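A.B. asks: Numbering (the working numbering), first residue to last: 16 to 416.
Idealized CB from N, CA, C, for every residue including glycine.
Because the structure is a prediction, the values reported are computed rather than measured.
Here it is: the structure, laid out below.
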Ligand SMILES: Cc1cc2nc3c(=O)[nH]c(=O)nc-3n(C[C@H](O)[C@H](O)[C@H](O)COP(=O)(O)OP(=O)(O)OC[C@H]3O[C@@H](n4cnc5c(N)ncnc54)[C@H](O)[C@@H]3O)c2cc1C
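In structure tokens, the structure reads:
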């Protein structure tokens with residue numbers, strides 16, 4: 016059966032996110048965007064509303080909601096600002112959902128519960144100065160020394176780098192495999208802030224997500240206890256790709272929130288602004304841009320919803336999630352481009368929100384797999400070059416209550 020209606024519980028999560036977006040993000044976003052800093056009230060407000068772990072099972076500090084609820088919350092947060100949705104993407108999608116799946120029980124007790132409760136902010140460190148799409152090209156190493164691993168390397172473009180308490184870091188544990196660019200030499204670690212040799216900082220001068228935190232992590236002889244290895248040595252690439260299945264889902268759903276924000280702002284302006292004696296929404300070329308936003312929003316939404324249903328069912332959804340992310344990000348970029356165009360010169364200033372939408376829309380076509388990487392993935396599925404097997408571990412199935 017195909018059911019396009021959301022349940023009361025799903026809508027309740029959406030409404031919690033909507034309240035935070037409306038009351039905490041929207042009123043101050045222009046101010047923080049101009050200041051290039053994060054609103055210090057955002058993370059406490061999200062934690063208080065249980066938004067930092069709601070789709071994590073109750074036994075691990077969450078509310079045990081389903082994954083469609085996560086998509087709805089991402090739409091709401093990004094409707095207000097992309098930086099607010101990014102928090103859900105990295106803390107909940109890339110870190111918590113992946114730790115839930117791949118970490119052992121002790122690690123879940125120590126790192127997942129405080130994260131899901133919003134007591135510890137978490138992020139994901141894969142990208143490096145010289146390696147983004149090319150994950151096998153990472154240079155960070157984690158060499159075993161007794162009951163510790165010693166980490167050395169730099170991570171770059173890491174969301175929440177300067178505010179997170181704990182990081183999921185990917186590094187080569189096998190130097191021969193590193194030389195051979197063999198992904199089986201990569202392992203994943205939970206690294207805590209405060210360890211000697213670990214420093215973080217913010218990246219200045221960003222195009223978008225200016226009301227968010229994006230930064231770098233430097234590790235110089237950071238000694239991480241061996242028990243912080245996630246899953247098994249040499250399995251980090253698999254863990255990282257699983258993380259991206261969750262993160263891309265949040266980006267896909269969030270991008271629909273951005274398209275809707277572009278649409279609503281544009282419709283409003285179409286009715287206010289007149290040229291040649293008529294509201295601009297009466298001109299057919301402007302209608303075309305509005306219609307394209309509606310089209311982009313509706314079909315992108317179906318794609319993330321399909322991925323969400325598969326997540327709820329515990330079925331591998333790498334292809335479906337990547338397709339949803341690619342399509343929604345493309346449509347969000349197009350919608351933001353049109354929204355600025357519809358606003359004319361006013362769209363060129365931050366007096367209206369659409370120039371922020373325009374800048375923010377660009378990032379999603381880059382992070383969590385660029386547009387080009389997504390394109391290649393879909394072609395490779397179609398050509399039979401890429402076939403996904405069921406993973407040995409997946410998110411827990413959830414009932415849609
Ligand atoms: C705002 C923001 C937040 C981010 N947050 C995080 C985070 O929290 N954690 C994290 O680990 N990373 C994060 N990233 C990094 C992001 O995931 C990378 O930027 C992304 O994977 C692309 O890598 P790159 O920038 O090195 O580009 P490159 O990989 O160098 O690519 C450069 C260009 O070449 C193209 N290209 C590369 N390879 C191919 C190919 N095989 N075929 C065709 N075209 C190709 C790309 O599509 C792109 O257009 C963030 C980035 C941004 C902008």
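For residue 93 and residue 269, what's the separation of their Cα atoms in angstroms?
C.D. replies: Working through the chain shown from its first residue, we reach residue 93 at position 78. Working through the chain shown from its first residue, we reach residue 269 at position 254. Distance between the alpha carbons of residue 93 and residue 269 is about 5 Å.
A.B. asks: In whole angstroms, what separates the C-alpha of residue 301 from that of residue 365?
C.D. replies: Working through the chain shown from its first residue, we reach residue 301 at position 286. Working through the chain shown from its first residue, we reach residue 365 at position 350. Roughly 21 Å separates the two Cα atoms.
A.B. asks: Excluding the 5 residues preceding and the 5 following residue 246 in the sequence, name in chain order all residues of the same chain whose CB lies nearer than 7 Å to its CB.
C.D. replies: What you label residue 246 is simply residue 231 of the chain shown in a count that begins at 1. Contacts found: 117, 203 and 254.
A.B. asks: Label residue 59 either buried or exposed according to how many other C-beta atoms from any shown protein chain fall within 10 Å of its C-beta, with 16 as the threshold for buried.
C.D. replies: Counted from its first residue, the chain shown places residue 59 at position 44. When all chains shown are included, residue 59 counts as exposed.
A.B. asks: Does any residue of chain D bring its CB to less than 7 Å from the CB of residue 304?
C.D. replies: Among the chains in the structure shown there is no chain D, since it carries only a single protein chain.
A.B. asks: DSSP three-state label for residue 184, please.
C.D. replies: Position 169 of the chain shown, counting from 1, holds the residue named residue 184. Here residue 184 sits in strand by DSSP.
A.B. asks: Considering only their Cβ atoms, is the gap separating residue 237 from residue 325 smaller than 7 Å?
C.D. replies: Sequence index remark: in the chain shown, residue 325 carries index 310 (1-based). Sequence index remark: in the chain shown, residue 237 carries index 222 (1-based). No, Cβ-Cβ distance for residue 325 and residue 237 is not below 7 Å.
A.B. asks: Just list the residues that DSSP pairs residue 392 with in beta bridges.
C.D. replies: Within the chain shown, numbered from 1, the residue matching residue 392 stands at position 377. DSSP lists no partner for residue 392.
A.B. asks: Tell me whether residue 412 sits in a helix, a strand or coil according to DSSP, three-state version.
C.D. replies: Numbered from 1 along the chain shown, position 397 holds the residue referred to as residue 412. DSSP places residue 412 in coil when its eight states are reduced to three.
A.B. asks: Smallest Cα separation from residue 385: which of 24, 314, 259 and 62?
C.D. replies: Translated into the one-based positions of the chain shown, residue 385 becomes position 370. Looking at the Cα atoms, 259 is the closest of the given residues.
A.B. asks: Please list, in chain order, all residues of the same chain as residue 388 whose beta carbon is under 6 Å from its beta carbon, the five residues on each side excluded.
C.D. replies: By 1-based counting over the chain shown, the position of residue 388 is 373. Excluding sequence neighbours, residue 388 sits near 148.
A.B. asks: For residue 135, count neighbouring Cβ atoms within 10 angstroms of its own Cβ and tell me buried if that reaches 16, exposed if not.
C.D. replies: Counting from one through the chain shown, the residue named residue 135 turns up at place 120. Residue 135 is buried by the Cβ-count criterion.
A.B. asks: Using DSSP's beta-bridge definition, name the partner residues of residue 234.
C.D. replies: Position 219 of the chain shown, counting from 1, holds the residue named residue 234. Looking at the DSSP assignment, residue 234 forms a beta bridge with 168 and 213.
A.B. asks: Rounded to whole angstroms, how far is the Cβ of residue 109 from the Cβ of residue 262, which I believe are closer than 8 Å?
C.D. replies: As a working note, residue 109 is residue 94 in the chain shown. As a working note, residue 262 is residue 247 in the chain shown. That belief holds up - the Cβ atoms of residue 109 and residue 262 are roughly 4 Å apart, short of 8 Å.
A.B. asks: Going by the beta-carbon positions, is the gap between residue 180 and residue 217 smaller than 7 Å?
C.D. replies: For the purposes of this step, residue 180 is taken as the residue at position 165 of the chain shown. For the purposes of this step, residue 217 is taken as the residue at position 202 of the chain shown. Contact flag unset, no.
A.B. asks: Decide if the stretch 62-76 is in contact with the stretch 121-133; the criterion is three or more beta carbon pairs, one per stretch, under 8 Å apart.
C.D. replies: yes
A.B. asks: To the nearest angstrom, how far is the alpha carbon of residue 355 from that of residue 29?
C.D. replies: Counting from one through the chain shown, the residue named residue 355 turns up at place 340. Counting from one through the chain shown, the residue named residue 29 turns up at place 14. Approximately 28 Å between the Cα atoms of the pair.
A.B. asks: Measure from the alpha carbon of residue 125 to the alpha carbon of each residue in 297, 227 and 243, then state which is nearest.
C.D. replies: Residue 125 sits at position 110 when you count from the first residue of the chain shown. When each option's Cα is compared against that of residue 125, the closest is 243.
A.B. asks: Please go through the stretch 101-178 and give each complete beta strand (DSSP E) segment of 3 or more residues, from N-terminal end onward.
C.D. replies: The beta strand (DSSP E) runs lying completely inside the stretch 101-178 and spanning 3 residues or more are 137-140, 156-160 and 163-174, given in chain order.
A.B. asks: Tell me the DSSP secondary structure of residue 72 in three-state form.
C.D. replies: Stepping through the chain shown from its first residue, residue 72 is reached at position 57. DSSP places residue 72 in the coil class of the three-state scheme, outside both helix and strand.
A.B. asks: Report all residues from its chain with a CB closer than 8 Å to the CB of residue 412; omit the five preceding and five following residues, and keep chain order.
C.D. replies: One-based indexing of the chain shown puts residue 412 at position 397. Correct list, in chain order: 327, 328 and 329.
A.B. asks: I need the straight-line Cα distance from residue 371 to residue 84, nearest angstrom please.
C.D. replies: Looking up residue 371 in the chain shown gives position 356. Looking up residue 84 in the chain shown gives position 69. Approximately 26 Å between the Cα atoms of the pair.
A.B. asks: Taking a contact to mean a Cβ-Cβ separation below 7 Å, would you say residue 44 touches residue 56 in this structure?
C.D. replies: Residue numbering aside, residue 44 sits at position 29 when the chain shown is read from its first letter. Residue numbering aside, residue 56 sits at position 41 when the chain shown is read from its first letter. Contact: no.
A.B. asks: Among the candidates 228, 140, 156 and 279, whose CA atom is the shortest distance from the CA of residue 52?
C.D. replies: Here residue 52 refers to the residue found at position 37 when the chain shown is read from its first residue. Considering only alpha carbons, the answer is 228.
A.B. asks: Does at least one heavy atom of ligand 1 sit under 6 Å from the Cβ of residue 381?
C.D. replies: Within the chain shown, the letter at position 366 stands for residue 381. It does: the Cβ of residue 381 is within 6 Å (strictly closer) of some heavy atom of ligand 1.
A.B. asks: Any heavy atom of ligand 1 within a distance shorter than 6 Å of the CB on residue 182?
C.D. replies: Numbered from 1 along the chain shown, position 167 holds the residue referred to as residue 182. Here the distance from the Cβ of residue 182 to the nearest heavy atom of ligand 1 is not below 6 Å.
A.B. asks: Quick check: the Cα distance between residue 64 and residue 36, rounded to an integer number of angstroms?
C.D. replies: Position 49 of the chain shown holds residue 64. Position 21 of the chain shown holds residue 36. Going from the Cα of residue 64 to the Cα of residue 36 covers about 11 Å.
A.B. asks: For residue 398, count neighbouring Cβ atoms within 10 angstroms of its own Cβ and tell me buried if that reaches 16, exposed if not.
C.D. replies: Reading the chain shown from its first residue, position 383 is the one you call residue 398. The residue in question, residue 398, is exposed, as its Cβ has fewer than 16 Cβ neighbours within 10 Å.
A.B. asks: Out of 70, 266, 152 and 207, which has the shortest C-alpha to C-alpha gap to residue 194?
C.D. replies: Locating residue 194 in the chain shown gives position 179, where the first residue counts as 1. The residue with the shortest Cα to Cα distance from residue 194 is 152.
A.B. asks: Is residue 203 helix, strand or coil when you go by DSSP?
C.D. replies: By 1-based counting over the chain shown, the position of residue 203 is 188. In this structure, residue 203 counts as strand in the three-state DSSP scheme.
A.B. asks: With DSSP as the reference, please indicate the residues paired to residue 240 in a beta bridge.
C.D. replies: Taking the first residue of the chain shown as 1, we reach residue 240 at position 225. DSSP lists 163 as partners of residue 240.
A.B. asks: Between 31, 142, 299 and 86, which has its C-alpha nearest residue 272's C-alpha?
C.D. replies: Here residue 272 refers to the residue found at position 257 of the chain shown. It is 86 whose Cα lies nearest to the Cα of residue 272.
A.B. asks: To the nearest angstrom, how far is the alpha carbon of residue 320 from that of residue 161?
C.D. replies: Taking the chain shown and counting its residues from 1, one reaches residue 320 at position 305. Taking the chain shown and counting its residues from 1, one reaches residue 161 at position 146. Distance between the alpha carbons of residue 320 and residue 161 is about 47 Å.
A.B. asks: In the DSSP assignment, find the alpha helix (DSSP H) that holds residue 340 and state where it starts and stops.
C.D. replies: If you number the chain shown from 1, residue 340 lands on position 325. 333-357 is the span of the alpha helix (DSSP H), which, as asked, contains residue 340.
A.B. asks: Could you check if residue 173 belongs to the surroundings of ligand 1, using beta carbon to heavy atom distance under 6 Å?
C.D. replies: Counted from its first residue, the chain shown places residue 173 at position 158. The answer is yes for residue 173.
A.B. asks: Exposed or buried, which one is residue 368 when buried takes at least 16 other CB atoms within 10 Å?
C.D. replies: In the chain shown, residue 368 corresponds to position 353, counting from 1. Answer is buried; the Cβ neighbour count reaches 16.
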